[in-house]
Amino acid sequence: MRQDISLPKLNVLLKDFCSDECSADYSNKLKVASILWKEVKDSKNEKKYSRKLLDEHSHKIKNYRK
187 MRQDISLPKL NVLLKDFCSD ECSADYSNKL KVASILWKEV KDSKNEKKYS
237 RKLLDEHSHK IKNYRK
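Just so we're aligned, residue 187 is where the sequence shown starts under my numbering, counting upward by one.
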């Protein structure tokens, strides 16, 4: 079975999101990171985390805010 080459980028996004103090505002960090990853992966933008993603996709992650 071939490993998905995007997996390391997902791991970096997860680590960067969890390291961001803003991630403390969310009850399920892994779920939020996976939602953000899906958006990043499907876009033509750079495949990395930024706080801008929280604003751009707030409507998709609002249910996970504390």
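Beta carbons: idealized from backbone N, C-alpha and C, even for Gly.
Nearest-angstrom Cβ-Cβ length linking residue i and residue j, presumed shorter than 8 Å
i           : j           : result
residue 203 : residue 250 : That belief does not hold up - the Cβ atoms of residue 203 and residue 250 are roughly 12 Å apart, past 8 Å.
residue 215 : residue 209 : 5 Å
C-alpha gap between residue i and residue j, whole angstroms
i           : j           : result
residue 226 : residue 213 : 21 Å
residue 199 : residue 219 : 7 Å
residue 201 : residue 243 : 19 Å
Neighbourhood of residue i by C-beta distance below 8 Å, restricted to the same chain and skipping five residues each side
i           : result
residue 233 : 192, 195, 199, 226 and 227
Sequence-distant residues of its chain with Cβ nearer than 6 Å to residue i (five each side left out)
i           : result
residue 239 : 222
Any non-hydrogen atom of the ligand SAM closer than 8 Å to residue i Cβ
i           : result
residue 218 : Questions concerning the ligand SAM fall outside what the structure shown contains, since it holds no ligand whatsoever.
Spatial neighbours of residue i in its chain, beta-carbon cut-off 7 Å, leaving aside the 5 residues before and after
i           : result
residue 241 : none
residue 237 : 206 and 208
Residue of the options minimising C-alpha distance to residue i
i           : options               : result
residue 246 : 224, 205, 229 and 197 : 224
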